[in-house]
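Each remark here refers to the structure printed beneath this line.
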Amino acid sequence: GLFMLNPIYVIASPVVIFLSLRAFLAALNSNFFLGLQGLDKVDVEKKSTFKDYAKSQLMLNPTFQLIRSAIYFGSLAIIFSVETDKNFNIELISLWALIGLLVEIPLTCYMIHLVKKQFTLDLQWSSITKYFLTCLGVLGLTYFLMQEFLVFEEAIFIFLPNLLPFIIFGGVLYFGITIIIDKRAKNLATKIFAEINSKIR
39 GLFMLNPIYV IASPVVIFLS LRAFLAALNS NFFLGLQGLD KVDVEKKSTF KDYAKSQLML
99 NPTFQLIRSA IYFGSLAIIF SVETDKNFNI ELISLWALIG LLVEIPLTCY MIHLVKKQFT
159 LDLQWSSITK YFLTCLGVLG LTYFLMQEFL VFEEAIFIFL PNLLPFIIFG GVLYFGITII
219 IDKRAKNLAT KIFAEINSKI R
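Each number in the numbering used here comes from the position in the sequence shown (counting from 1) with 38 added on.
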């Protein structure tokens, strides 16, 4: 994707990966916060004191925001002070993005712990693990094939037709494996094909 925008941006791939994962965890945490805040009744009680509010879930999100911002922007300030050259190298920017991700991980773990105490989470870890490993394997194989065989042309209208077969390969391989290893995916695929056949006939 970065190569299509500008070939120079390819060196920033780690930054995009770290920031994307951080954004995903931040969105997850935001939903967790909303769920926990919805259960808190401190704002309903007329006799609630400042101490009650301070201990409530309503203060959890602002507190975590302060912790996140302090560490995140503190690390940025350190990077600014260490790097005196006007031209930042990509390693420092990647480090900053990685710090942002690492800050989000323990917050997410803590939020999952709180949510599990308040809600009954019926997560099918076997299915999640199968899909995750399949996705990881397909992405790894597709990336390897792209590095070996894809010609990175600067002209986007030449590059896109070269990229398309790898995208199709990855998509077909992923859905093919999930249909094989997961019974529900197989049933869904069977129903889709049956519906398509009925429309064609």
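Here a beta-carbon is modelled for each residue, glycine too, at the ideal position from N, C-alpha and C.
Coil, strand or helix - residue i by DSSP
i	result
VAL54	helix
VAL141	helix
ASN127	coil
GLU191	coil
THR158	coil
PRO100	helix
LEU43	Low confidence applies to LEU43: its pLDDT is 48, below 50, so where it sits in the model is not reliable enough to give any reading.
Best match in the options for proximity to residue i [C-alpha to C-alpha]
i	options	result
LEU72	ILE150, ILE116, ILE196	ILE150
ILE128	MET97, LYS154, VAL54, LEU140	VAL54
PRO100	GLN75, ALA115, ILE117, SER113	GLN75
ILE2	LEU188, PHE102, PRO203, GLU233	Here the chain has residues from 39 to 239 only, and residue 2 is not among them.
LEU130	GLY214, LEU139, PHE118, PHE182	PHE118
TYR148	LEU98, GLU186, GLY208	LEU98
GLY208	SER236, ILE196, ALA193, THR172	THR172
MET184	ASN200, ILE215, ILE116	ASN200
THR180	PHE204, LEU114, LYS155	PHE204
THR146	PHE231, PRO52, SER165, ASN69	ASN69
GLY214	ALA193, ILE238, TYR169, ILE196	TYR169
ARG222	LEU133, ILE194, GLN162	GLN162
SER51	ILE194, ALA193, SER132	SER132
Residue environment, residue i, which counts as buried when at least 16 other CB atoms sit within 10 Å
i	result
ARG60	buried
ILE137	buried
ASN67	buried
ALA135	buried
THR253	The requested residue 253 does not occur in the structure, where the chain is confined to residues 39 to 239.
THR216	buried
Rounded C-alpha distance that separates residue i from residue j
i	j	result
LYS229	LEU211	19 Å
LEU17	LEU63	With the chain covering only 39 through 239, there is no way to say anything about residue 17.
ILE219	ILE206	20 Å
GLU191	LEU202	13 Å
LEU177	LEU57	18 Å
GLU233	ALA227	10 Å
PHE111	VAL141	11 Å
LEU43	GLY175	Bear in mind that a pLDDT of 48 at LEU43, under 50, signals an unreliable position, so the model cannot answer this.
LYS154	PHE182	38 Å
ARG106	LEU152	18 Å
SER165	ILE116	42 Å
ASN225	ASN235	15 Å
GLN32	ALA65	Because the chain here runs from 39 to 239, residue 32 falls outside it and cannot be looked at.
PHE197	VAL189	7 Å
ASP160	LEU139	27 Å
PHE231	ILE238	10 Å
Where the alpha helix (DSSP H) through residue i begins and ends
i	result
ASN200	194-219
THR180	163-187
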